[in-house]
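Okay, structure first, notes after.
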Amino acid sequence: MRRFLLPLLLTTSLILAACSASSSDQTPPEPAPVSTEVSSPSNPSITIIDSQGSVTVEATPLNLDAPADTLEFDVVLDTHSVDLSMDLAVLATLTTDTGITVQATLWDAPRGGHHVTGKLIFPALKDGKSILEGAGKLTLTITDVDVPSRIFEWELQ
């Protein structure tokens, strides 16, 4: 019986070593992209996702085609490690390629937690004139949400 026990133990050890070596040879997954755009056939590149640092931020303009007194963006913040109690109205600006910049006026969202969804609101007028008039590009910049700066850009038609 002992004659068979030693070869059995050696064979089992070799099989276990081969199995554990093959599982450690797997390549690690690729890191998530920093910024991606989510498109739909009717509105290409409307939602932009920035996944820098520990917070993923999604920004979707809501009324660029028909602005009223305000320009509104749905913003989703998602993390598992950062407290999201900041006021995005203080951290966000909207800039056009014509040189106009406006500060957000309201971050309409609950404070705190790790999964926050809200509306980021900007004035649509500056000096009585639409900030979108003559603009070809709109840039939303959000600073200090786990990284120094996040930039979201939309081409205007």
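Residue numbering for the sequence shown follows our numbering, starting at 784 and increasing by one per position. We put the CB at the ideal spot given by N, CA and C, even for glycine. From a predicted model like this one, the values you see are computed outputs, not experimental measurements.
May I ask you to report which of helix, strand or coil DSSP gives L915? Translated into positions along the sequence shown, residue 915 becomes position 132. Reduced to three states, the DSSP call for L915 is coil.
Counting Cβ pairs closer than 8 Å, one from the stretch 889-896 and one from the stretch 929-940, do we hit at least three? no
To the nearest angstrom, how far is the alpha carbon of H898 from that of G836? Working through the sequence shown from its first residue, we reach residue 898 at position 115. Working through the sequence shown from its first residue, we reach residue 836 at position 53. Each residue's alpha carbon lies about 15 Å from the other.
Looking at C-alpha atoms only, which residue of L871, A849, L877 is the closest neighbour of V859? As a first step, residue 859 is located in the sequence shown; it is residue number 76 there, counting from the start. Of L871, A849, L877, the residue nearest in Cα terms is L871.
Within 10 angstroms of the Cβ of I934, are there 16 or more other Cβ atoms? Answer buried if so, exposed if not. If you number the sequence shown from 1, residue 934 lands on position 151. The residue in question, I934, is exposed, as its Cβ has fewer than 16 Cβ neighbours within 10 Å.
Express the C-alpha separation of T862 and M869 in angstroms, rounding to a whole number. Mapped onto the sequence shown, residue 869 falls at position 86. Mapped onto the sequence shown, residue 862 falls at position 79. Straight across, the Cα-Cα distance linking M869 with T862 is about 13 Å.
From V930 to V865, what distance separates their C-alpha atoms? As a first step, residue 930 must be located in the sequence shown, where it is residue number 147. As a first step, residue 865 must be located in the sequence shown, where it is residue number 82. Cα to Cα, V930 sits roughly 11 Å from V865.
Would I925 and K909 be called neighbours here (beta carbons separated by less than 8 Å)? Residue 925 sits at position 142 when you count from the first residue of the sequence shown. Residue 909 sits at position 126 when you count from the first residue of the sequence shown. Their beta carbons are not under 8 Å apart, which means I925 does not touch K909 by this criterion.
In terms of residues, what are the limits of the alpha helix (DSSP H) holding L889? Along the sequence shown, read from residue 1 onward, the residue named residue 889 stands at position 106. Here L889 belongs to no alpha helix (DSSP H); instead the beta strand (DSSP E) covers 889-891.
Restricting to Cα atoms, I'd like to know which of V840, F856, V838 is closest to N846. For this step, residue 846 is matched to residue 63 along the sequence shown. Nearest C-alpha to N846: F856.
Residue closest to D880, alpha-carbon to alpha-carbon, out of G901, L923, T900: By one-based count along the sequence shown, residue 880 stands at place 97. Selected option, being the one with the closest Cα: L923.
Enumerate in chain order the residues of its own chain whose CB-to-CB distance from S806 is below 7 Å, with the five nearest sequence positions on each side excluded. Here the question's residue 806 lines up with position 23 in the sequence shown. Only weak support exists for where S806 lies, its pLDDT of 41 falling under 50; the value from the coordinates is given anyway. Around S806: no qualifying Cβ.
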